[in-house]
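A short write-up of the structure that comes next.
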Amino acid sequence: MKCRECKEELEVARSCGRVRMRCTGCQKIYQIHEVAADLDDKTVAILERYTAIIYD
Numbered sequence: 003m004k005c006r007e008c009k010e011e012l013e014v015a016r017s018c019g020r021v022r023m024r025c026t027g028c029q030k031i032y033q034i035h036e037v038a039a040d041l042d043d044k045t046v047a048i049l050e051r052y053t054a055i056i057y058d
């Protein structure tokens with residue numbers, strides 16, 4: 003997955019019971035629902051490991 007701002011890779015960032023997507027370039031944090039339409043198979047496979055994702 004690519005960042006919408008700088009086109010660098012997004013990584014799954016988990017902290018304090020929350021799961022977000024963080025850009026490895028500009029460090030922008032995205033909530034899952036913000037990038038849900040852009041999820042690729044690799045990222046979906048990672049997110050499937052979590053039992054619940056909170057959309058806040």
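The numbering of the sequence shown is the working numbering, which starts it at 3 and goes up by one. Ideal placement from N, C-alpha and C gives every residue a C-beta, glycine not left out.
- Going by DSSP, LEU49 is part of the alpha helix (DSSP H) stretching over 43-49.
- In terms of Cβ geometry, LEU49 and VAL14 form a close pair [threshold 8 Å].
- Residue pairing by DSSP puts TYR32 in a beta bridge opposite MET23.
- Beyond the five residues adjoining it in sequence on each side, ARG24 comes within less than 6 Å, by CB distance, of GLU13, ALA15 and ILE31 in the same chain, given in chain order.
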